[in-house]
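Asker: Sharing a structure below in structure tokens format, with a few things to ask.
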Amino acid sequence: MKRTLLVASLVLSFVFTVKADEGMWLLNQLSQLNLKEKGLEIPVEDIYRPGQIGLASAVVNLGGASAELVSPDGLILTNHHVAFGAVQRASTAGTDYLTNGFLAKTRDNELPAPGYVARVLLEMKDVTDQILKGMDKIKDPVKRMKAIEKRMKQMEEEIEKQREDFDARIASMYSGKQYILFKYQRFEDVRMVFIPPRAIGNYGGDVDNWMWPRHTGDFSFLRIYNSPDGKGVPYAKENVPFKPKRWIKIARTPIKEGDFTFIIGFPGRTNRYSTSFAIDFYLNKVYPMSISEFQSIINMLDEIGKQSKELAIKAVGTTKWLNNSMKNYQGNLEGMKRIHLLEKKK
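Residue numbers (the numbering used here): 419 to 764.
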């Protein structure tokens, strides 16, 4: 998948005492998974049903990351690292919300999160036939890909013409074997409500990052606002909290071993079906080169940050992103070597 805004996928993890099944599925595949037999206690249709409001309707794409609507007044729960950029931009040397955290005691105190866009899924459907119709006649692979991309863009633009706050994205699945259309309502007025101090939200730093178990309070609360007539518009004082048709209640009791669990969200991507050639490319070129480049940039930003607290605040977001990506790449590289993935793929 190469699109920036990726699919509203369902990641399931069935927790048993001996074995855990796992995988990634699209919402329209739920009916094929025998979830009731696995332990699901609510009807599958309550999670997702085409054209209807379900549990999945409360899951928000927040700048490509995942968030959940948790109140009838547009309150969303997401990760601390997802809200990190917002609290960084609001911080100064004199008002360091990054270190001390932020709490809006009233809605009037909620701070704008410029650059943050929330997208609520309205519809998804398979458009493979429409995208690939007649494409088999184009033999040149480059010309074929350009023709496909042109058709995708045309379909997206047709939907976005319907309303100013509509977004459409067509995602390519299985290296172009399937195409799924996602239609969203876009909200550009997102505000900070509660961001915990960095010592809580990023406890353990990069040492604990990507590790399990973790003891990090990796959460933040923001709120979506729209115009008084319900349209997604940029920040304005007269905007009002978004009123979702579905929101998620936070459980008062913890899960226990053996519980059926699943996660609805916007995962980055999976390369599970990559060929041996792709594995070789990442193993011997992409990951080693990227890790080296990331480390060089991190070292440079660390030196810049030593000059003043103001510069340190400006650099910390990029440094955090680079450290996160670098550790991910290091883990992937180590894991691929440990299980001899390239040899298994050949």
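Every residue, glycine too, gets a C-beta built ideally from N, C-alpha and C.
Let's see if you can read the secondary structure: which residues bound the alpha helix (DSSP H) around Y705?
Answerer: 705 to 723
Asker: Hey, is the region 441 to 454 in contact with the region 626 to 634, meaning 3+ C-beta pairs nearer than 8 Å?
Answerer: Here the region 441 to 454 does not lie against the region 626 to 634, with fewer than 3 beta-carbon pairs under 8 Å apart.
Asker: Using the Cα positions of K677 and P490, report the straight-line distance between them to the nearest angstrom.
Answerer: In the sequence on display, residue 677 carries Asp and not Lys. D677 and P490: Cα-Cα distance of roughly 27 Å.
Asker: Are the Cβ atoms of M542 and F600 separated by less than 8 Å?
Answerer: yes
Asker: So is R756 buried or exposed if we call it buried at 16+ other beta carbons inside 10 Å?
Answerer: exposed
Asker: Can you give me the start and stop residues for the beta strand (DSSP E) that T496 sits inside?
Answerer: 493 to 496
Asker: Taking the straight line between their C-alpha atoms, what separation do you get for K555 and K561?
Answerer: 11 Å
Asker: Report yes if the C-beta of V477 is less than 7 Å from at least one heavy atom of the ligand GDP; otherwise report no.
Answerer: Absence of the ligand GDP is noted for the structure shown, with no ligands found whatsoever.
Asker: May I ask you to report which of helix, strand or coil DSSP gives M754?
Answerer: helix
Asker: Taking 7 Å as the limit between beta carbons, can you name the residues of its chain near V462, skipping five residues before and five after?
Answerer: Correct list, in chain order: L448, S449, L453.
Asker: Would you kindly report the start and end of the unbroken alpha helix (DSSP H) that includes F699?
Answerer: Where F699 is concerned, the enclosing alpha helix (DSSP H) stretches over 694 to 699.
Asker: Distance cutoff 8 Å, beta carbons only. Does G650 sit that close to anything in chain B?
Answerer: Included in the structure is just one protein chain, with no chain B present.
Asker: By the three-class DSSP mapping on this structure, what secondary structure does K732 have?
Answerer: K732 carries a helical assignment under DSSP once its states are collapsed to helix, strand and coil.
Asker: Cutting at 7 Å between CB atoms, please list the residues of its own chain near F712, excluding the five before and the five after it.
Answerer: Once the five neighbours on either side are set aside, the close Cβ partners of F712 are L740, S743, M744.
Asker: Taking K732 as the reference, which of K667, K661, A508 has the closest Cα?
Answerer: A508
Asker: Taking all protein chains shown into account, decide if A589 is buried (16 or more other Cβ within 10 angstroms of its Cβ) or exposed.
Answerer: buried
Asker: DSSP puts N644 in a beta bridge; with which residues?
Answerer: V658
Asker: In whole angstroms, what separates the C-alpha of S427 from that of Q603?
Answerer: Confidence is the limiting factor: at S427 the pLDDT is only 46, short of 50, which leaves the residue's position unreliable, though a coordinate-based value still follows. Answer to the nearest angstrom: the Cα atoms are 18 Å apart.
Asker: Determine the burial state of D720: buried for a count of at least 16 other Cβ atoms within 10 Å of its Cβ, exposed for fewer.
Answerer: exposed
Asker: If I'm right that V611 touches A483 with Cβ under 8 Å, what's the distance once you round it to whole angstroms?
Answerer: Not really, about 17 Å apart at Cβ, beyond 8 Å.
Asker: Decide if Y691 is buried, meaning its Cβ has at least 16 other Cβ atoms within 10 Å, or exposed.
Answerer: exposed
Asker: Count the other C-beta atoms from every protein chain shown that fall within 10 angstroms of the C-beta of Y700, then say buried if there are 16 or more, exposed otherwise.
Answerer: It is buried - the Cβ of Y700 has at least 16 other Cβ atoms within 10 Å.
Asker: Please state the DSSP three-state secondary structure of V433.
Answerer: With a pLDDT of 37 at V433, under the threshold of 50, the modelled position of this residue cannot be trusted; read the value that follows with caution. If DSSP states are grouped into helix, strand and coil, V433 belongs with coil.
Asker: Assign L516 to one of three DSSP states: helix, strand, or coil.
Answerer: helix
Asker: Secondary structure at L458, three-state DSSP: helix, strand or coil?
Answerer: Three-state DSSP puts L458 in coil, outside helix and strand.
Asker: Contact between the region 513 to 521 and the region 592 to 599 is defined here as three or more beta-carbon pairs at a separation below 8 Å; is this criterion met?
Answerer: Segments in contact, no.
Asker: Which value, in whole angstroms, describes the spacing of the CA atoms of R403 and G623?
Answerer: With the chain represented from 419 up to 764, any question about residue 403 goes unanswered, as that position is not in the structure.
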